[in-house]
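Novice: Going down the list, the protein sequences come from chains A and B. Taking the numbering used here, the leading residue of the first sequence gets 4, the next gets one more, and so forth. Taking the numbering used here, the leading residue of the second sequence gets 4, the next gets one more, and so forth. The beta-carbon is built from N, C-alpha and C at its ideal position, and this holds for glycine as well. Being a predicted model, the structure only gives us computed values, none of them experimental.
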Amino acid sequence: MSASDHDEGAAPKPGVTLPENERIPDEGLGTVPQEWRFTQLWTAAQPTVESYVRAILGDRAAVDDVLQEVAMAVYTQFERYDTSRPFVAWALGIARNKARDRQRTQARQHQFVRDPAVLDALAAVAEEIDEEMEQRRLALHDCLNAVEGRADELLRLHYHDGHEPRDIADKLGLQAGHVRVLLNRVRATLKQCVERSLRKRGS
Amino acid sequence: MERLDADIEAWLAGTLEDDAASRLATRVRDDPAVARRVLMAARFETDLGRAVHARGERRALGFGSGRQRSLTSTHPAAGRGAWALAVAALLLVAVGIIALRQGLAPTTGPVLATVIAVEGPAQLRTGTRTEPVTVGASLTAHHQVVVDGGGRVQVGIEDGSTFTLLPGAHFAPVTSVDAARFYLATGRLEAAVTPHRHHHPMIIGTPHAEATVMGTRFTLDVSSQRTDLTVLTGQVRFDDRVSRERAVVIPGMQRSAGPAVTAAILPRQPRDPDPRVGIELSQIGPSSIEQPFVDVFRTAAPWRGNDERPLQLDAQGWVRELAAGQTAETFTCRQLAGRYPKGRYVCRYEGAGRLEVGGDARLVAQAPGRLELEVDPSDDGIVLRLVATDADDPVRAIRLFLPGHENTAASQPFHSAFLDRWRGAAVIHAGGWAERRSGDADYTLGERLTPGHGPLAPERGRPLEDTLALAHALGADLWLRLPHQATDSYVTAAAELVHSQLKPDQRVYLELGRDLWDGAWEPGRYALAQGEAAGLGAHAGVRWYAQRSCAVFAAWQAVSGADPRVVRVLSASTKVWLLEEMLHWRDTAEHVDVVAVLAPVGAVVGTDEDPDRIFDLDAITVTELLRQPLHGLDTRLLTLRATLGHLRLVGVRAGPQLVVSQKTTAPATWRHHVHLAGFLNDPDIRTILSEWLHVWNRSTGDVILTALPLDRLREVPGPAGEPVDASGLQAYQAVAPWLQRQVP
């Protein structure tokens with residue numbers, strides 16, 4: 004590699020030669036450890052992958068299990084990740100296969116996306132909306148700050164503590180159906196808040 | 004639309020009836036808008052769960068609210084029990100890493116943890132400053148917490164995890180990348196890691212193993228000799244760094260790793276009794292800061308004519324004849340700011356013709372075949388202009404001797420300052436002196452560079468004889484890099500030359516080409532094309548490189564026989580799959596003695612999308628980036644050794660290196676390169692490289708070849724009329740003590 008290979012108009016410093024071959028540090032020992040790169044990429048991709056798995060499997064417990072398997076697989080195969088491809092697309096491919104594996108052991112009632120064409124359609128859209136959803140996520144954080152009282156408690160019990168509506172109903176002395184309705188209302192309110200926030204930013 | 008949304012919500016809640024689910028699936032398949040709606044609903048659930056979770060943990064820790072908790076209060080997560088975690092005793096062998104931070108004083112950088120409770124004496128160290136630890140203190144990568152006898156400190160990270168540091172603990176946050184890495188140099192800590200309900204993985208490394216955590220309870224106990232993992236609930240993947248065994252550990256199981264456990268399976272590295280630091284020679288030319296020869300014409304620039312007509316050169320690169328009105332010019336020692344020897348130079352040549360001198364030189368005496376020049380060094384260098392040459396007896400074999408070297412140059416071709424600089428080097432790697440050229444054509448014996456050659460372009464390298472002579476002068480082993488297009492006849496001739504001169508105790512390392520495994524640059528593409536033409540299938544370039552290397556070694560050994568002084572080298576990146584692909588291709592591993600891996604202390608500091616971001620970097624940030632690869636280096640080396648089996652592991656290109664982009668063909672301009680190079684003589688470089696060499700020696704006991712940014716010496720002030728003093732280079736200061744220890 005000569006100096007002129009790198010020169011884009013600026014004159015090389017006289018007498019100084021560029022390194023013959025600027026080598027990729029992460030090909031050598033002098034590298035930011037691989038797991039740090041993995042963690043960065045996986046942290047960014049995980050919400051999209053999780054949403055995808057959730058859309059395929061529905062069942063919350065199954066989503067958690069499969070996501071764990073996906074994380075394992077992505078980590079163990081990370082050396083083979085082709086950096087010229089988007090990481091999200093690669094991780095979604097692994098998620099697709101793990102979700103299919105899970106479906107084989109699932110009850111037949113969960114037929115929603117056994118068709119591979121449906122899996123592919125969801126994967127394509129998941130990658131597409133990745134960036135847009137980041138804006139929505141930020142808006143949701145703001146909207147959540149306004150939630151308090153009973154709604155706050157419901158969200159905490161369901162999403163933070165992991166209780167199903169039936170258990171929440173037992174704790175709060177309510178009917179399970181009523182808890183579902185209340186949770187749906189909170190979700191609807193938050194969705195409206197997100198939409199308002201996005202419109203406001205857009206305007 | 005409401006019906007659709009209701010079905011989607013029911014599906015995500017797991018309550019949708021079969022028929023409705025089938026209908027929904029059909030719509031998803033056929034209508035991207037419906038697929039989008041399903042995913043957006045799923046994503047909303049995901050984001051809401053994360054947001055609620057994060058808010059709960061922040062509240063529990065008091066982040067942002069100014070509230071503090073005492074050590075005796077109960078963490079909500081711990082109180083629930085389900086996610087209370089793990090006692091992790093991480094006795095990482097990282098004292099050296101901590102020690103490296105001594106002397107650093109910056110306090111800026113991302114906050115990686117916050118002190119949430121303190122009991123008893125504890126110190127907060129920032130560089131050389133020490134102060135008591137206080138509640139609320141923000142910890143960055145520049146801080147260390149040292150807990151004295153009777154003290155306890157609790158720190159929290161933003162996701163809700165806490166570490167309780169017990170007496171004797173010496174703890175430091177490490178990374179600004181993901182806030183998930185910490186080191187405990189000594190002592191003990193208890194970790195309560197927030198259950199990443201959505202399975203954000205946390206990877207805990209020890210000197211011997213890695214535990215990948217995704218929501219579970221377990222204990223890790225680490226000593227200098229072993230790591231023990233016991234899983235209480237859930238499961239943890241456990242990767243032994245040395246044996247490379249991998250296991251998923253379930254409740255009730257225990258798994259161990261470390262020297263005490265794996266001694267039986269760790270391949271033994273042939274170990275030299277002494278440190279084995281060598282050097283890679285830098286490319287040399289008329290403007291290189293390093294001028295090794297007492298005959299400075301050896302680094303002269305290629306001939307250049309005074310007009311557009313091409314010069315007629317012979318096979319050795321000498322001007323065969325000049326057309327009417329034509330002259331040929333060359334120069335040396337240019338753009339060195341006059342930092343080369345002053346005084347009376349002698350120019351000798353063969354043939355008939357007329358040479359004029361210019362630049363810093365003034366002709367003071369002449370005779371046929373001999374000129375005397377008075378040189379007063381400046382940035383212009385010495386210019387020689389051939390204004391006439393006899394076509395029947397052309398001017399050739401020009402030599403230009405430094406003052407006082409005319410009569411000794413044949414027997415002592417190297418400048419004493421150059422020899423003194425590198426004396427003690429265990430191995431001399433041809434590096435920038437290696438003969439080479441681009442293109443796909445075979446590199447034949449007839450093309451080989453030989454002594455007495457005319458002026459050469461620096462990128463062509465030097466005749467093999469020069470490297471061999473230097474290795475003799477320094478009493479060092481010789482590392483040859485043969486052109487990747489070399490034919491068998493070239494290899495045979497090189498072998499005959501080397502073995503006619505190799506000393507009884509001198510080894511010759513043989514390597515074919517440079518980085519042929521890397522398809523991102525021309526030699527790698529050459530290997531790929533050769534491999535594909537040979538129908539070698541997947542990884543054709545890597546496979547061709549492996550099998551062609553074996554063929555070259557065979558051709559060499561047809562001359563040398565089974566000479567133990569011959570060391571056969573395969574170079575590779577540190578990617579394990581690549582190493583395995585190369586070594587397992589046919590029986591390559593049986594025909595190789597050494598695997599040479601890239602060992603630069605390097606960092607990628609920009610991106611392809613935004614290369615200009617490097618101009619915002621300060622020296623502290625850059626040196627911190629360069630320091631990061633030190634973390635865990637010893638374990639990475641052990642992993643490599645385990646992968647290589649009986650083969651030796653040698654490091655090459657060990658020196659500071661900064662690049663803008665991870666891509667080899669970086670989009671960096673000269674401006675970017677110069678900016679980054681400006682960091683390469685920072686005072687911290689000496690410490691970092693010195694530690695690098697120590698870790699290498701401790702972990703492998705084998706050869707490491709340094710490649711230093713000698714060009715940085717241009718910026719070190721020095722007197723004109725004298726050669727450059729390498730001690731002004733921080734990286735050289737790190738290497739010099741090793742070289743001194745190796746002087747016989």
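Contact defined as beta carbons within less than 8 Å: I believe residue 714/B pairs with residue 287/B. What is the distance between those atoms, to the nearest angstrom?
Specialist: With 8 Å as the limit, residue 714/B and residue 287/B do not qualify as a contact, their Cβ atoms being about 12 Å apart.
Novice: Identify the continuous alpha helix (DSSP H) that holds residue 625/B and give its terminal residues.
Specialist: That run of the alpha helix (DSSP H) goes 622-630.
Novice: What are the residues of the stretch 158-170 of chain A that lie near chain B, defined by any Cβ-Cβ distance shorter than 7 Å?
Specialist: Going along the stretch 158-170 of chain A in chain order, one finds 158, 159, 162, 163 and 165 with a Cβ nearer than 7 Å to chain B.
Novice: Three or more C-beta pairs closer than 8 Å, one from the stretch 471-480 of chain B and one from the stretch 518-528 of chain B: is that the case here?
Specialist: No: fewer than three Cβ pairs fall under 8 Å.
Novice: From the DSSP output, in three-state form, read off residue 71/A for me.
Specialist: Three-state result, residue 71/A: helix.
Novice: Show which residues of chain A have a CB atom less than 7 Å away from the CB atom of residue 47/B.
Specialist: By Cβ distance, chain A contributes 194.
Novice: Put residue 161/A into one of helix, strand or coil per three-state DSSP.
Specialist: Helix at residue 161/A.
Novice: Give, in chain order, every residue of the stretch 42-63 of chain A whose Cβ lies closer than 8 Å to some Cβ of chain B.
Specialist: Here the close residues are 42, 43, 45, 46, 49, 50, 51, 53, 54, 55, 57, 58, 61, 62 and 63.
Novice: Using 8 Å as the threshold, is the C-beta distance between residue 394/B and residue 323/B below it?
Specialist: Against a cut-off of 8 Å, the Cβ pair of residue 323/B and residue 394/B comes out as a contact.
Novice: Taking 8 Å as the threshold (C-beta atoms), are residue 12/B and residue 187/A in contact?
Specialist: Yes, they are a contact pair.
Novice: Hey, does residue 93/B have any beta-carbon neighbour from chain A nearer than 8 Å?
Specialist: With a pLDDT of 22 at residue 93/B, under the threshold of 50, the modelled position of this residue cannot be trusted; read the value that follows with caution. Taking Cβ atoms only, chain A never reaches closer than 8 Å to residue 93/B, which makes this a no.
Novice: Quick check: what's the CA-CA separation for residue 181/A versus residue 173/A?
Specialist: Cα to Cα, the separation comes out at about 11 Å.
Novice: Using a C-beta to C-beta distance shorter than 9 Å, which residues of chain A count as neighbours of residue 12/B?
Specialist: By Cβ distance, chain A contributes 187 and 190.
Novice: Look at residue 490/B and residue 436/B and say whether their C-beta atoms are less than 8 Å apart.
Specialist: No, these two residues do not count as a Cβ contact at 8 Å.
Novice: Reducing DSSP to helix, strand and coil, say where residue 641/B ends up.
Specialist: It is helical.
Novice: Can you pull the chain B residues whose beta carbon is under 7 Å from the beta carbon of residue 104/A, in chain order?
Specialist: None at all; the shortest Cβ gap to chain B is about 16 Å.
Novice: Please report the residue range of the alpha helix (DSSP H) in which residue 350/B lies.
Specialist: No alpha helix (DSSP H) contains residue 350/B, which is instead part of the beta strand (DSSP E) from 346-353.
Novice: DSSP three-state call for residue 159/B: helix, strand or coil?
Specialist: Residue 159/B: strand per DSSP, three-state reduction.
Novice: Contact criterion: CB-CB distance below 8 Å. Does residue 173/A meet it with respect to chain B?
Specialist: No, residue 173/A lies away from the interface with chain B (no Cβ there is under 8 Å from its Cβ).
Novice: Please list, in chain order, all residues of the same chain as residue 296/B whose beta carbon is under 7 Å from its beta carbon, the five residues on each side excluded.
Specialist: Counting only Cβ-Cβ distances below 7 Å, and skipping sequence neighbours, we find 302, 416, 417 and 418.
Novice: Pick out the complete beta strand (DSSP E) segments inside the stretch 441-498 of chain B, 3 residues or longer, and give them in chain order.
Specialist: Here the runs fully enclosed are 480-485.
Novice: Using only the alpha-carbon positions, how far apart do residue 672/B and residue 83/A sit?
Specialist: Rounded to the nearest angstrom, the two C-alpha atoms are 30 Å apart.
Novice: Around the C-beta of residue 174/B, are 16 or more other C-beta atoms found within 10 angstroms, so that it is buried, or is it exposed?
Specialist: Looking at its Cβ environment, which holds 16 or more other Cβ atoms inside 10 Å, residue 174/B is buried.
Novice: In whole angstroms, what is the alpha-carbon distance linking residue 710/B and residue 284/B?
Specialist: Residue 710/B and residue 284/B: Cα-Cα distance of roughly 7 Å.
Novice: Can you name, in chain order, every residue of its own chain whose Cβ lies under 7 Å from the Cβ of residue 314/B, other than the five neighbours on each side?
Specialist: Excluding sequence neighbours, residue 314/B sits near 306, 308, 322 and 331.
Novice: If I measure Cβ to Cβ from residue 558/B and keep anything under 7 Å in the same chain, skipping five residues before and after, which residues do I get?
Specialist: Closer than 7 Å at the Cβ level, and outside the excluded window around residue 558/B, lie 491, 494 and 495.
Novice: If you draw a straight line from the C-alpha of residue 412/B to the C-alpha of residue 86/A, how long is it?
Specialist: If you take the alpha carbons of residue 412/B and residue 86/A, they lie about 52 Å apart.
Novice: Tell me whether residue 512/B sits in a helix, a strand or coil according to DSSP, three-state version.
Specialist: The answer is strand: DSSP assigns residue 512/B an E or B state.
Novice: When Cβ atoms are compared, which residues of the stretch 576-605 of chain B fall closer than 7 Å to chain A?
Specialist: So the list reads 576, 577, 578, 579, 580, 600, 601, 602, 603, 604 and 605, given in the order they occur along the chain.
Novice: Going by C-alpha to C-alpha distance, which of 468/B, 488/B, 599/B and 472/B sits closest to residue 442/B?
Specialist: Checked all of 468/B, 488/B, 599/B and 472/B; the closest Cα to residue 442/B is 488/B.
Novice: Run through DSSP, which three-state label would residue 165/B get?
Specialist: The answer is strand: DSSP assigns residue 165/B an E or B state.
Novice: Residues of chain B with a CB under 8 Å from the CB of residue 125/A: which are they?
Specialist: Near residue 125/A (Cβ distances below 8 Å), the residues of chain B are 31, 38, 41 and 42.
Novice: May I ask you to list, following chain order, the residues of the stretch 696-721 of chain B that have a beta carbon less than 8 Å from some beta carbon of chain A?
Specialist: Result list: 714 and 717.
Novice: Counting only C-beta atoms, is residue 50/B closer than 8 Å to chain A at any point?
Specialist: At least one chain A Cβ lies under 8 Å of residue 50/B.
Novice: Leaving out five residues on either side along the sequence, give the residues of the same chain with a beta carbon under 6 Å from the beta carbon of residue 2/A.
Specialist: Lying outside 4 to 206, the shown extent of chain A, residue 2/A is not represented and no answer is given.
Novice: Determine the direct distance from the alpha carbon of residue 633/B to that of residue 281/B, and round the result to whole angstroms.
Specialist: Those two C-alpha atoms are separated by around 20 Å.
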